[in-house]
Amino acid sequence: MNPQQYVQEKAAASGSSFYYAFLFMPEQRRQAITAFYAFCREIDDVVDEVTDTNVAYTKLAWWRSELTQTFAGKATHPVTQALMPHLQTFGIEAAPLLAVIEGCEMDLNQNRYLDYPGLQRYCHLVAGVVGEVAARIFGQTQAATTDYAHKLGQALQLTNILRDVGEDAMRGRIYLPVNELQQFDVKASEILERKTSERFVALMRFQSERAHRLYDEALVLLPAEDRRAQKPGLMMASIYRTLLTEIERDNFQVLNQRVALTPLRKFWLAWKMQALGRM
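Going by my numbering, the sequence shown opens with residue 66, and the numbers climb by one from there.
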C-alpha cells in the first residue's frame, strides 16, 4: 500500500463528514486535504486508543519528531510521506500541525474546563488551526479567511462536543465548562452517570445557541472573494449545522445515544452546497 492509498483508506474508514466535503475537490487539493486529515486522525487516535498515558505521550513526542523530519524532506510515516509533497505547494507551516498535537495532548492531562475561554483555547488547537490549514489547501486568497476558518473550526468542534457528551462521559471527560454547569445547576456526577434532566437540557440548549452563533459569525467573516474556493468548508458547516439541528430536535438526548446523519444525507448536503451554493 502506497502513502496515498494509506491516507485515502484512513479518511474513508473514519466515516467522518469531512470525507463527503472532499469528494468534489480538484485532485491535487483533494490529495493534500486527505493527507492532512489523515494526519489529524493519527494524532487523535493516539489519545482515543492508547490507554497508557505515558505511552501516549511517547507516541505524540514521536509525531513531533516526525514533523521535524517531514519539513526537512525526510518523512518516514505513510501519512507524512503523503503530506510532504503538498507543504510548499499550499504554504503549510509546521506551527499549526504542532498545535494539533498540543491540543490532543491536552486530553491526556485535562478532562475539565473551568470556563468557556479555556474550552475555546482547546477548540482552537484541535479544530481552529485545522481550519486554518484546510483553508489554505482549499485555495485561500484573502488574509481575513483565516479568521473565518478559526471561527468555523470552533463551531464544528463545539458541535462535536455536544454530540459526544455521553461518549466522553464514559471516558471520564466533560468538556462543558464547569462554571456553566454550575450556572444551570448540573452536577458533573449527573453527566458521568448519564442522567438527563430539564437542567441538563437547558444547559445543552445554551451551548447549541452558542454553536449557532459561531456558525453565523464564521460566515460573516468569510470574504466574498474566497467563498467559491472555500466551498468544502461550507459543506462541513452545512453538514454539522444540520447535525446540530437534529440534536436539538431530539431534545438533547445525547447522554445515552449518539445522533448521526446517514451517509446519503451527508452526500446530499455536500452536493447541494457544491451545485447550488446553499446551506
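Glycine is no exception: its CB is placed at the ideal position from the N, C-alpha and C atoms.
Just so you know, these numbers come straight off a predicted model, no measurement behind them.
Exercise. Do the region 209-225 and the region 275-288 meet, that is, are 3 or more Cβ pairs less than 8 Å apart?
Worked result: Yes, the region 209-225 is in contact with the region 275-288.
Problem set entry | Distance between Q69 and A100 (C-alpha atoms, nearest Å) | By 1-based counting over the sequence shown, the position of residue 100 is 35. By 1-based counting over the sequence shown, the position of residue 69 is 4. In this structure, the CA atom of A100 is about 7 Å from the CA atom of Q69.
Exercise. Got a sec? Which residues, its chain only, sit under 7 Å from Q295 by beta carbon, not counting five neighbours each side?
Worked result: As a working mapping, residue 295 is identified with position 230 in the sequence shown. Cβ neighbours of Q295 beyond the five flanking positions: A200, F203, T210 and L287.
For this session: Please determine if the region 152-160 and the region 171-191 are in contact, where contact requires at least 3 C-beta pairs separated by less than 8 Å.
Result: no
Exercise. Within this structure, are the beta carbons of T118 and L173 separated by less than 8 Å?
Worked result: The residue labelled residue 118 in the question sits at position 53 within the sequence shown. The residue labelled residue 173 in the question sits at position 108 within the sequence shown. Yes, Cβ-Cβ distance for T118 and L173 is below 8 Å.
For this session: Mind checking which residues open and close the alpha helix (DSSP H) that includes M66?
Result: Position 1 of the sequence shown, counting from 1, holds the residue named residue 66. Unbroken run through M66: none, as it is neither H nor E.
Exercise. Is the CB-CB distance between T135 and T123 below 8 Å?
Worked result: By one-based count along the sequence shown, residue 135 stands at place 70. By one-based count along the sequence shown, residue 123 stands at place 58. Against a cut-off of 8 Å, the Cβ pair of T123 and T135 comes out as no contact.
Exercise. Would you call A220 buried or exposed, if buried means 16 or more other Cβ atoms sit within 10 Å of its Cβ?
Worked result: Position 155 of the sequence shown, counted from the first residue, corresponds to residue 220. Per the 10 Å Cβ criterion, buried.
Exercise. What residue does the alpha helix (DSSP H) around Q248 start on, and which one ends it?
Worked result: Counting from 1 along the sequence shown, the entry for residue 248 is found at position 183. It spans V243 to Q248 - the alpha helix (DSSP H) in which Q248 sits, taken as one unbroken run.
For this session: Can you tell me which of F104, E255 and L241 puts its alpha carbon nearest to the alpha carbon of R270?
Result: Taking the first residue of the sequence shown as 1, we reach residue 270 at position 205. Checked all of F104, E255 and L241; the closest Cα to R270 is L241.
Exercise. Between the beta-carbon of I166 and the beta-carbon of W128, is there less than 8 Å?
Worked result: Indexing the sequence shown from 1 puts residue 166 at position 101. Indexing the sequence shown from 1 puts residue 128 at position 63. The Cβ-Cβ distance between I166 and W128 falls below 8 Å.
Exercise. Alpha carbon to alpha carbon, what distance is there between F332 and N316?
Worked result: Within the sequence shown, residue 316 is the residue found at index 251, counting from 1. Within the sequence shown, residue 332 is the residue found at index 267, counting from 1. Taking C-alpha positions only, N316 is separated from F332 by approximately 25 Å.
For this session: Tell whether a beta-carbon distance below 8 Å holds between G231 and N176.
Result: As a position in the sequence shown, residue 231 is number 166, starting the count at 1. As a position in the sequence shown, residue 176 is number 111, starting the count at 1. Not closer than 8 Å, so no.
Problem set entry | Delimiting residues of the alpha helix (DSSP H) encompassing M171 | Here residue 171 refers to the residue found at position 106 of the sequence shown. Looking at the DSSP string, the run of the alpha helix (DSSP H) that includes M171 is A159 to N174.
Exercise. With a CB to CB cut of under 6 Å and the five nearest residues on each side skipped, what residues in its chain are close to M171?
Worked result: Residue numbering aside, residue 171 sits at position 106 when the sequence shown is read from its first letter. Here the set comprises Y187.
For this session: Measure the CB-CB distance between F83 and M301 and report whether it falls below 8 Å.
Result: Here residue 83 corresponds to residue number 18 of the sequence shown, with the count starting at 1. Here residue 301 corresponds to residue number 236 of the sequence shown, with the count starting at 1. Against a cut-off of 8 Å, the Cβ pair of M301 and F83 comes out as a contact.
Problem set entry | Whole-Å CB distance - C169 paired with D109, under 8 Å assumed | The sequence position of residue 169 within the sequence shown is 104, counting from 1. The sequence position of residue 109 within the sequence shown is 44, counting from 1. Confirmed, about 6 Å.
For this session: Take L326 and list the residues in its own chain whose beta-carbon comes closer than 6 Å to its own, dropping the five residues that flank it on each side.
Result: To locate residue 326, count along the sequence shown from 1; it is residue 261. Around L326: L308.
Problem set entry | A112 in three-state terms, based on DSSP | Looking up residue 112 in the sequence shown gives position 47. First, the residue type needs correcting, since residue 112 is Val and not Ala in the sequence shown. It is helical.
Problem set entry | L279 vs L246 beta-carbon contact at 8 Å | As a position in the sequence shown, residue 279 is number 214, starting the count at 1. As a position in the sequence shown, residue 246 is number 181, starting the count at 1. Result no, Cβ atoms of L279 and L246 do not sit closer than 8 Å.
Problem set entry | Whole-number beta carbon distance between A276 and T224, since they are thought to touch under 8 Å | As a position in the sequence shown, residue 224 is number 159, starting the count at 1. As a position in the sequence shown, residue 276 is number 211, starting the count at 1. Correct: roughly 5 Å between the Cβ atoms.
Problem set entry | Segments of 4+ residues assigned as alpha helix (DSSP H) that fall wholly inside the region 69-150 | 83-87, 92-114, 118-136 and 143-148
Exercise. Helix or strand or just coil, what does DSSP make of Q272?
Worked result: The sequence position of residue 272 within the sequence shown is 207, counting from 1. The answer is helix: DSSP assigns Q272 an H, G or I state.
Exercise. DSSP on V230, reduced to helix/strand/coil?
Worked result: Numbered from its first residue, the sequence shown carries residue 230 at position 165. Helix, per DSSP.
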